[in-house]
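Protein chains in written order, with the working numbering: chain A, 1 to 359; chain L, 1 to 359; chain V, 1 to 325; chain F, 1 to 325. A virtual CB, placed ideally from N, CA and C, is assigned to each residue, including glycine.
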Ligand SMILES: Cc1ncc(C[n+]2csc(CCOP(=O)(O)OP(=O)(O)O)c2C)c(N)n1
Ligand SMILES: Cc1ncc(C[n+]2csc(CCOP(=O)(O)OP(=O)(O)O)c2C)c(N)n1
Ligand SMILES: [Mg+2]
Ligand SMILES: [Mg+2]
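Take a look at the structure:
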């Protein structure tokens with residue numbers, strides 16, 4: 001399929017239409033129950049995302065980068081992965097991290113300015129959030145390369161945005177992946193903006209997916225608001241990766257419904273009309289219509305899952321806010337396996353200072 | 001023509017065959033005398049290159065990076081340029097720099113460990129040699145962009161190798177050029193090796209030229225040992241550039257006949273057979289046969305131009321070695337337009353030290 | 001004269017220089033349409049158009065690398081890096097090229113340009129948004145490094161930086177971007193690069209600082225007065241070249257010194273200042289010079305950042321320590 | 001025991017660690033087939049195959065960035081940067097990620113890895129092949145920085161670096177790669193990271209140095225003896241974390257100190273050493289600590305490099321100066 005949809009020929013993979021109709025011959029085999037579950041996850045993620053925003057507005061959390069509008073891209077891609085696979089999130093991957101087993105509580109804790117939110121559980125193969133744009137795909141390539149050398153049949157997925165493709169490190173990561181044929185999926189969420197900078201200023205290439213050709217492997221452009229298309233493409237890329245077929249780049253064409261972060265005012269750089277044009281393409285709406293068409297969706301069920309979501313989100317918020325304050329000296333403790341004498345000296349002086357102050 | 005030779009379709013531009021025969025319909029209009037002059041320049045450059053090597057062997061110069069085998073690429077591309085165009089050489093561009101007006105004496109002076117060799121004359125638009133691989137195409141894009149803003153109809157040419165295409169800065173330069181449609185030619189001499197690392201380890205892409213597609217502009221692969229092909233492609237890329245058509249990437253497929261530098265031993269990483277295969281493709285041989293076919297070449301003439309070359313090369317060597325030693329404090333004098341007090345203090349102490357030593 | 005905060009002051013400096021000199025242009029991520037994430041370049045694109053206030057692709061090395069070319073060809077680029085935490089990708093172009101063009105070409109090619117970046121902690125930001133790595137920059141030959149601490153200085157220094165014949169890195173203490181409002185001269189106004197300023201006179205102890213720390217130090221200086229200690233406060237304003245003359249004159253008078261910086265302690269600029277004092281005023285010292293600085297750790301997320309950043313309490317402690325010695 | 005130069009010593013350390021631990025691998029430009037442009041990785045590919053001695057694309061950021069991933073996943077990458085002059089493109093990954101994984105994940109993910117690079121001047125090389133920017137590295141929290149000055153130390157330290165649980169930057173003074181041959185222990189041999197070595201005992205003046213400067217200093221120390229000055233010479237071996245204990249003990253004994261380094265003077269490591277002496281041994285000082293260092297200029301091409309590099313003459317002058325104070 002990936003080969004059929006050559007971005008150079010202007011092809012883009014779309015399976016689920018905005019009106020809920022579905023290209024049956026392309027439809028991945030997802031049981032109705034699975035689709036319902038995934039819809040439920042998307043609903044949960046959207047509400048969690050909303051809550052994170054309001055926590056910041058209430059001064060209960062710091063800057064937050066919302067993922068509203070990108071739920072299908074994040075849920076569809078992560079659901080296609082296997083147990084041992086790794087993901088490498090940037091700062092807008094609340095949905096992907098949650099899907100891969102990071103408790104919402106930890107995600108919130110991190111944005112509350114607490115590094116402990118990034119200490120994922122053993123066995124949870126989610127890299128800590130990487131803030132420097134475009135820099136972490138290299139890590140995904142390194143882990144994939146190691147897995148390959150260790151004979152593990154797993155793949156790694158780097159999540160990044162349209163803006164990230166302009167960074168030199170993106171280029172080096174793609175190139176290393178091609179040369180060493182690492183089982184890596186470069187999952188680009190092209191949400192049309194890098195803060196205020198529109199996609200067309202980011203590069204003169206018609207698509208981002210076609211950049212893969214520069215590295216000798218294939219890229220595909222998918223409708224990023226189409227749960228089925230994202231799932232299907234990622235699934236195939238993963239199979240290719242774990243069977244020694246090397247890397248793939250997936251450009252999920254989507255749209256950021258919210259601000260870049262809580263510090264951003266999108267009205268400064270994009271017209272409301274544009275937002276209105278995208279609203280009908282809402283990734284949730286589409287799945288809802290699909291389910292409705294199959295009489296698998298009812299208002300009551302929607303209300304019920306939303307209520308359940310609210311409940312567990314509230315618990316997560318409580319838990320995150322309930323975490324005991326970090327010890328002041330905590331930031332000294334993870335510089336090295338064993339604290340250096342110089343650092344120990346600084347920490348002791350710091351603690352002495354706190355004592356004097358009477359903290 | 002550039003559009004017709006799509007590297008993606010495995011096309012490569014070759015006009016002058018190894019046996020001297022010529023694709024008449026593709027042949028650029030170069031008067032016989034011009035071809036003779038260019039041949040003469042190539043002969044000169046090869047001999048100058050040889051001399052630079054032996055100067056190093058005799059301990060009269062430092063490390064040197066020879067360009068033997070790449071004469072057609074450097075002569076053909078520079079001859080296609082106009083008066084006001086700029087070139088941005090890396091360390092292997094003796095031929096290109098010489099063609100653009102840098103006296104051989106200065107080139108030799110530089111490799112003798114003297115920065116003054118890089119102080120080109122006013123009006124000579126040749127950037128100083130850039131040693132960090134892949135880093136200078138950005139400068140070519142910047143100068144081209146400025147020229148565009150200043151309304152000058154000129155182009156800039158960045159010279160770099162196959163290895164350079166792996167660096168992040170190459171990517172950023174190509175991308176900026178595409179976005180701002182700068183009149184820039186990315187001239188890649190793919191000489192098959194980055195020191196010991198063969199082209200195929202550098203990237204999984206079939207060609208380097210196809211990398212241009214990732215940035216929304218075209219690239220073309222040309223036989224880099226074919227003076228006519230290199231000239232024709234560069235000429236067209238230049239016309240496109242100065243008429244607002246934006247950047248082009250040219251991959252000149254060639255071969256480094258000599259060592260990477262005087263510090264390198266190629267037998268460690270490449271087989272003699274390989275070198276033997278390339279010898280018949282020698283860029284000089286080809287033009288010689290072409291001229292011979294037109295009865296424009298004779299043994300006597302060859303002997304004569306070689307002798308004349310030797311003569312002026314010897315003069316250049318004499319001049320370079322005759323340059324007065326730099327003043328010891330010279331390296332303090334070009335840090336800033338006006339020396340900072342701190343630096344002045346350091347220089348005075350340095351001079352006092354020399355005095356004490358009795359220098 | 002109008003009351004302006006630092007953001008407005010730098011903005012007016014850019015505005016006036018772009019009016020005065022048509023070769024001046026700004027480029028960077030979000031500096032055009034958006035006017036910069038901190039609004040420092042606000043209004044420049046609408047006034048001078050998208051060719052002189054340019055939104056670029058997201059690539060720091062690319063931004064400063066093309067700026068070098070723009071400068072060599074005769075334009076005056078003022079490049080913005082969105083945060084000093086994202087300076088590292090641009091370091092290669094700065095270290096290997098921008099700082100060296102003049103020397104490499106023996107004066108034939110120069111690249112007068114400005115690279116602006118907000119820096120420092122205290123704004124409750126995510127990782128990489130609180131760094132202070134100015135000491136690394138001060139170790140690079142061939143560039144100048146400027147750090148204003150007031151709106152007026154910010155305007156006077158950005159204008160001087162734009163007019164300087166050599167590359168200037170201009171670090172903006174974002175924590176006080178909007179904290180201080182003061183009269184900022186309109187029109188022609190410059191502050192010479194390379195000159196520190198005695199912000200507060202005193203004869204008991206010299207406190208050297210820059211950027212957002214100046215305000216913290218002045219606060220501490222007022223409080224230590226109650227203990228009968230009269231502190232002289234020096235705002236470096238330019239950290240490279242370092243105006244050690246002003247520091248030494250003060251230390252020779254006071255005999256005691258404290259250096260305050262946000263950056264990690266080891267190999268921070270404080271070390272160089274101590275080295276200069278040691279070399280040129282050792283005999284005037286009545287106590288070891290004290291460093292009140294960031295720790296040798298990653299800058300913590302904001303639940304703990306107040307512990308990392310030197311504040312009045314720690315500065316007071318430092319002053320008391322040198323006084324008690 | 002066999003007589004080895006530094007290249008052979010590091011090579012044997014790599015060889016033995018790769019034999020001992022199958023997770024150890026080397027990667028970089030020309031490190032495989034070619035065995036490194038200085039032959040430090042010679043023979044590794046033929047012995048361990050192209051999967052453990054890997055030629056990579058020409059991209060420094062890529063090399064150390066993928067190495068981070070390799071390390072987190074359980075391999076022990078030893079990455080080579082061909083020259084310290086080409087470290088800058090890799091600084092972003094080092095500063096923003098490699099030094100921070102442990103802290104960022106609160107210990108969940110770590111990246112024990114080694115980044116090797118030849119550094120320093122004196123080999124008549126082109127631009128960017130003579131740099132010494134170790135002080136920048138010493139300013140980065142979360143990494144260790146090691147610099148051997150003898151073949152034996154080189155072997156003992158590379159082995160310790162490979163076994164260290166945290167990232168280690170390993171700077172090799174290429175000027176003396178082949179200058180010194182000495183008995184280097186075969187088999188298991190380690191030198192602890194973080195411990196300086198007193199190379200020569202003396203009680204008149206302490207001279208602190210590292211890398212290729214150690215040889216120059218020892219030369220000067222012998223010559224100054226004729227003037228009745230007995231110099232104690234300290235080879236730091238590790239510059240981060242800095243073993244100030246050894247320095248202070250010596251300075252408390254001698255009361256005088258000279259620091260010698262190739263790097264540019266301003267904000268070089270010498271400044272930090274002076275700061276530590278000032279903070280902890282000021283009262284023992286009988287003279288200002290002297291810095292004999294590179295100048296704040298671009299490292300000159302080789303017609304002038306001998307003027308830039310500190311040699312015995314300048315070191316003698318520095319020692320005489322502190323003795324005469
Ligand atoms: C190297 C680097 N430069 C600048 C920034 C500041 N910044 C944060 S997000 C962002 C835009 C990213 O755009 P994109 O890659 O499209 O991801 P999106 O935010 O749209 O998800 C910028 C410039 C950064 N975090 N890292
Ligand atoms: C950034 C950087 N890394 C490493 C080097 C060391 N080095 C010098 S030339 C070279 C190979 C360059 O290969 P290529 O780009 O193909 O150019 P060629 O030498 O073949 O002309 C390397 C690795 C360098 N000069 N710059
Ligand atoms: Mg985006
Ligand atoms: Mg090559």
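(1) Residues of chain L with CB under 7 Å from residue 175 (chain A), in chain order?
(2) Give a yes or no on whether the minimum CB-CB distance between residue 193 (chain A) and chain L is below 8 Å.
(3) For residue 193 (chain A), verify whether its CB is less than 7 Å away from any heavy atom of ligand 3.
(4) Does the distance from the C-beta atom of residue 326 (chain V) to that of residue 90 (chain V) stay below 8 Å?
(5) If you draw a straight line from the C-alpha of residue 388 (chain F) to the C-alpha of residue 167 (chain F), how long is it?
(6) Less than 6 Å between C-beta atoms, sequence neighbours within five positions excluded: which residues of the same chain meet that for residue 342 (chain A)?
(7) Name the residue from A:266, A:132, A:255 whose alpha carbon lies nearest to the alpha carbon of residue 71 (chain A).
(8) Are any of the Cβ atoms in chain A nearer than 8 Å to that of residue 72 (chain L)?
(9) Taking only runs that begin and end inside the segment 214-272 of chain L, name each unbroken beta strand (DSSP E) of 3 or more residues, in chain order.
(10) Residue 139 (chain F) touches chain A at which residues, Cβ-Cβ below 9 Å?
(11) Grab me the residues of residue 287 (chain F)'s own chain with a C-beta within less than 6 Å of its C-beta, minus the 5 sequence neighbours each way, in chain order.
(12) Quick check: is the beta carbon of residue 57 (chain V) nearer than 8 Å to any beta carbon in chain L?
(13) Closer than 6 Å by C-beta to residue 200 (chain F): which residues in its own chain qualify, once you throw out the five before and the five after it? Chain order, please.
(14) Three or more C-beta pairs under 8 Å: does that hold for the segment 110-125 of chain V against the segment 120-135 of chain L?
(15) Under 7 Å from any heavy atom of ligand 2, does the C-beta of residue 260 (chain L) make it?
(16) Round the Cβ separation of residue 157 (chain L) and residue 77 (chain L) to the nearest angstrom and send it over; I've been treating them as touching at under 8 Å.
(17) Would you mind reading off the limits of the alpha helix (DSSP H) that contains residue 106 (chain L)?
(18) Leaving out the 5 sequence neighbours to the left and right, which residues in its chain are closer than 8 Å to residue 297 (chain V) when beta-carbon positions are compared?
(19) Just curious, the beta strand (DSSP E) that residue 124 (chain F) is in, first and last residue?
(20) What residue range is occupied by the uninterrupted alpha helix (DSSP H) comprising residue 79 (chain V)?
(21) Go through the segment 117-149 of chain L residue by residue and report every complete run of the alpha helix (DSSP H) that reaches 4 residues or more, in order.
(22) Using only CA atoms, which one of L:68, L:246, L:323, L:232 lies nearest to residue 261 (chain L)?
(23) Under 8 Å by Cβ, that's how I've got residue 118 (chain A) and residue 93 (chain A) pegged, so tell me the actual separation to the nearest angstrom.
(24) Just to make sure I have the definition right: I need the residues of chain A whose C-beta is within less than 8 Å of the C-beta of residue 68 (chain F). Which are they?
(25) Could you name the residues that DSSP lists as bridge partners for residue 4 (chain V)?
(26) Say whether chain A places a C-beta atom closer than 8 Å to the C-beta of residue 296 (chain V).
(27) With distances taken from CA atoms, which of L:5, L:40, L:48 is nearest residue 316 (chain L)?
(28) Under 8 Å, Cβ to Cβ, is there at least one residue of chain L near residue 97 (chain F)?
(29) So the alpha helix (DSSP H) residue 45 (chain L) belongs to, where does it begin and stop?
(30) Taking the C-alpha atoms as reference points, what is the distance between residue 172 (chain L) and residue 33 (chain A)?
(31) Hey, is residue 55 (chain F) close to ligand 4, as in C-beta under 7 Å from one of its heavy atoms?
(32) Can you give me, in chain order, the residues of the segment 116-146 of chain V that have a beta carbon less than 7 Å from any beta carbon in chain A?
(33) May I have a chain-ordered list of the alpha helix (DSSP H) segments no shorter than 4 residues that lie completely inside the segment 295-338 of chain A?
(34) With 8 Å set as the bound, which would you pick, yes or no: does the beta-carbon of residue 81 (chain F) sit closer than that to a beta-carbon of chain L?
(35) By the DSSP assignment, the beta strand (DSSP E) with residue 188 (chain L) in it spans what residues?
(36) What first and last residue would you give for the alpha helix (DSSP H) that runs through residue 18 (chain L)?
For this structure:
(1) The residue labelled residue 175 (chain A) in the question sits at position 175 within the first chain. Within chain L, the residues whose beta carbon sits less than 7 Å from that of residue 175 (chain A) are 166, 203, listed in sequence order.
(2) Locating residue 193 (chain A) in the first chain gives position 193, counting from the first residue. It does not: the Cβ of residue 193 (chain A) has no partner Cβ on chain L nearer than 8 Å.
(3) The sequence position of residue 193 (chain A) within the first chain is 193, counting from 1. Yes, Cβ of residue 193 (chain A) sits closer than 7 Å to a heavy atom of ligand 3.
(4) The structure shown does not extend to residue 326 (chain V), since chain V is modelled only from 1 through 325, so no value can be given for it.
(5) The question about residue 388 (chain F) has no answer, for chain F in this structure spans 1 to 325.
(6) For the purposes of this step, residue 342 (chain A) is identified with residue 342 of the first chain, where counting begins at 1. Here the set comprises nothing.
(7) Locating residue 71 (chain A) in the first chain gives position 71, where the first residue counts as 1. The shortest C-alpha separation from residue 71 (chain A) is found at A:255.
(8) Counting from 1 along the second chain, the entry for residue 72 (chain L) is found at position 72. No - not a single Cβ of chain A is within 8 Å of the one on residue 72 (chain L).
(9) Segments of the beta strand (DSSP E) lying fully in the segment 214-272 of chain L: 219-223, 248-253.
(10) By one-based count along the fourth chain, residue 139 (chain F) stands at place 139. Those within 9 Å of residue 139 (chain F) in chain A number zero; the least Cβ separation is about 13 Å.
(11) What you label residue 287 (chain F) is simply residue 287 of the fourth chain in a count that begins at 1. Counting only Cβ-Cβ distances below 6 Å, and skipping sequence neighbours, we find 256, 322, 325.
(12) For this step, residue 57 (chain V) is matched to residue 57 along the third chain. With respect to chain L, the C-beta atom of residue 57 (chain V) has a partner C-beta closer than 8 Å.
(13) Within the fourth chain, residue 200 (chain F) is the residue found at index 200, counting from 1. Hits under 6 Å: 221, 233.
(14) A contact between stretches requires three or more CB pairs, one per stretch, nearer than 8 Å, and the segment 110-125 of chain V fails this requirement with the segment 120-135 of chain L.
(15) Stepping through the second chain from its first residue, residue 260 (chain L) is reached at position 260. Answer for residue 260 (chain L): yes, Cβ within range of ligand 2.
(16) Residue mapping note: residue 157 (chain L) aligns to position 157 of the second chain, counting from 1. Residue mapping note: residue 77 (chain L) aligns to position 77 of the second chain, counting from 1. That pair is a contact at about 7 Å.
(17) One-based indexing of the second chain puts residue 106 (chain L) at position 106. Counting along the chain, residue 106 (chain L) sits inside the alpha helix (DSSP H) bounded by residues 104-111.
(18) If you number the third chain from 1, residue 297 (chain V) lands on position 297. Counting only residues of its own chain and dropping the five nearest sequence neighbours on each side, residue 297 (chain V) has a CB closer than 8 Å to the CB of 264, 308.
(19) To locate residue 124 (chain F), count along the fourth chain from 1; it is residue 124. Where residue 124 (chain F) is concerned, there is no enclosing beta strand (DSSP E), because DSSP gives it neither an H nor an E.
(20) As a working note, residue 79 (chain V) is residue 79 in the third chain. That residue, residue 79 (chain V), is in no alpha helix (DSSP H); its beta strand (DSSP E) goes 76-80.
(21) Entirely contained in the segment 117-149 of chain L, the alpha helix (DSSP H) runs reaching 4 residues are, in chain order, 137-149.
(22) Against the second chain, residue 261 (chain L) aligns to sequence position 261. When only C-alpha atoms are compared, the closest one is L:68.
(23) Stepping through the first chain from its first residue, residue 118 (chain A) is reached at position 118. Stepping through the first chain from its first residue, residue 93 (chain A) is reached at position 93. At roughly 13 Å, the Cβ-Cβ gap does not stay under 8 Å, so residue 118 (chain A) and residue 93 (chain A) are not in contact.
(24) Against the fourth chain, residue 68 (chain F) aligns to sequence position 68. Residues of chain A passing the Cβ test: 138, 139, 142.
(25) Reading the third chain from its first residue, position 4 is the one you call residue 4 (chain V). Paired residues: V:182.
(26) Taking the third chain and counting its residues from 1, the one referred to as residue 296 (chain V) is at position 296. Residue 296 (chain V) counts as touching chain A.
(27) Start at 1 with the first residue of the second chain, and residue 316 (chain L) comes out as number 316. For residue 316 (chain L), the closest C-alpha among the options L:5, L:40, L:48 is that of L:48.
(28) Here residue 97 (chain F) corresponds to residue number 97 of the fourth chain, with the count starting at 1. In terms of beta-carbon proximity, residue 97 (chain F) stays away from the interface with chain L, with every pair separated by 8 Å or more.
(29) Sequence index remark: in the second chain, residue 45 (chain L) carries index 45 (1-based). Annotation for residue 45 (chain L): the continuous alpha helix (DSSP H) segment containing it runs 32-57.
(30) The sequence position of residue 172 (chain L) within the second chain is 172, counting from 1. The sequence position of residue 33 (chain A) within the first chain is 33, counting from 1. Separation of residue 172 (chain L) and residue 33 (chain A) (C-alpha to C-alpha, rounded to the nearest whole angstrom) is 46 Å.
(31) Position 55 of the fourth chain, counted from the start, is the residue given in the question as residue 55 (chain F). No; taking the cut-off as 7 Å, the Cβ of residue 55 (chain F) has no heavy atom of ligand 4 nearer than that.
(32) Of all residues in the segment 116-146 of chain V, 124, 125, 126, 127, 128 have a Cβ within less than 7 Å of some Cβ in chain A.
(33) List check, alpha helix (DSSP H) in window: 299-322.
(34) Working through the fourth chain from its first residue, we reach residue 81 (chain F) at position 81. So no, residue 81 (chain F) is outside the interface.
(35) Start at 1 with the first residue of the second chain, and residue 188 (chain L) comes out as number 188. For residue 188 (chain L), the enclosing beta strand (DSSP E) covers residues 184-190.
(36) Locating residue 18 (chain L) in the second chain gives position 18, counting from the first residue. Judged by DSSP secondary structure, residue 18 (chain L) falls outside any alpha helix (DSSP H); it is assigned neither H nor E.
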